[in-house]
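Colleague:
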Amino acid sequence: MNLIPNRAARTQIQCSLPPFFLTHISFNSLPLSESSRRSSIRNFLSRRPKVREHFFSWFWSSKMLYIIGLGLGDERDITLKGLDAVKKCEKVYIEVYTSLLSFGLSTDGLSTLEKLYGKPIILADREMVEEKVDNILLEARGSDVAFLVVGDPFGATTHTDLVVRAKTMMVDVKVVHNASVMNAIGICGLQLYRYGETVSIPFFTETWRPDSFYEKIERNRNLGLHTLCLLGEVASYQLPF
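Quick note on the UniProt record's numbering: the sequence shown kicks off at 1 and runs consecutively.
(1) Could you check if Phe-203 is buried or exposed, using at least 16 other CB atoms within 10 Å of its CB as the buried criterion?
(2) So the alpha helix (DSSP H) Ala-85 belongs to, where does it begin and stop?
(3) Residues bridged to residue 247 by DSSP?
(4) Which residue wins for smallest C-alpha separation from Glu-131, given the options Arg-165, Cys-89 and Leu-190?
(5) Between the beta-carbon of Lys-63 and the beta-carbon of Arg-141, is there less than 8 angstroms?
(6) What do you reckon, are the CB atoms on Gly-232 and Ile-185 nearer than 8 angstroms?
(7) For Val-173, which three-state DSSP category applies?
(8) Which residues in the same chain have their Cβ closer than 8 angstroms to the Cβ of Pro-120, if we skip the five residues on either side of it in sequence?
(9) Cβ atoms of Val-149 and Ile-68: under 8 angstroms apart, would you say?
(10) Determine the DSSP secondary structure at Leu-113, reduced to helix, strand or coil.
(11) Nearest by alpha-carbon distance to His-177: which of Leu-83, Ser-40 and Leu-45 is it?
(12) Can you tell me whether Gly-224 is buried or exposed, with buried defined as 16 or more other CB within 10 angstroms of its CB?
(13) In the structure shown, what three-state DSSP assignment does Ser-46 receive?
(14) Suppose contacts are defined by Cβ-Cβ distances below 8 angstroms. Is Gly-155 in contact with Val-181 by that definition?
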């Protein structure tokens, strides 16, 4: 009986296991629950010492996924720790659907980054980050991979889902923090602890003009709090690919 109900779930679990492991155990017999799946794997390894040795050799050889904040200005705002991590990674992705650096995504701008990092940069749009992220995580099983984020990885735009998926696939993650709009807004002269709930204002279209953010701004104002308003994600038509 197939205990894993859909193709997406099967694919995610299968990607989290080494290829040699799947030749020794019936994949369809693995339960969907992570705790039950781990228990099944432990029981299997306890009965197969050679496979167990191979498994732990594979597990401890895992590389690292670095999620690195780039700050808010130009290529020089990356931290020294972040730059060191990028330079040792075999692949470098930059998330481009929520924020852009000051020079945008022009050819000259990317060339500046690539010159500083000493390696090519792969643009990661929303489709890649949300639907094809398992491919990035699989790469991090065998080599160090950098995932660059404008600002701070866990600032205005969080990437917790990426971290959760990485942990599920047994990929080690290291986060390198940087400046974010959440603290840089202090340049306005307003006290940071006097801000209420942050709101996102999406780009309007001819047929879509949401106004739900207004109620949050009004609520903050009634409480005597400031409101930080963030523009919505970068639209696909604004990207050069």
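Every residue, glycine too, gets a C-beta built ideally from N, C-alpha and C.
As the structure is a computational prediction, the values presented were derived from the model and not from experiment.
Modeller: Taking the definition as stated:
(1) Sixteen is the threshold: since fewer than 16 other Cβ atoms of the shown chains lie within 10 Å of the Cβ of Phe-203, the residue is exposed.
(2) Start and end: 80-88.
(3) Here the chain has residues from 1 to 241 only, and residue 247 is not among them.
(4) Arg-165
(5) Yes; because the gap between Cβ atoms is below 8 angstroms, this pair is in contact.
(6) no
(7) Val-173 sits in a strand when the DSSP states are folded into three classes.
(8) Val-92 and Glu-114
(9) yes
(10) helix
(11) Leu-83
(12) Counting Cβ neighbours within 10 Å, Gly-224 comes out exposed, since fewer than 16 surround it.
(13) helix
(14) Yes.
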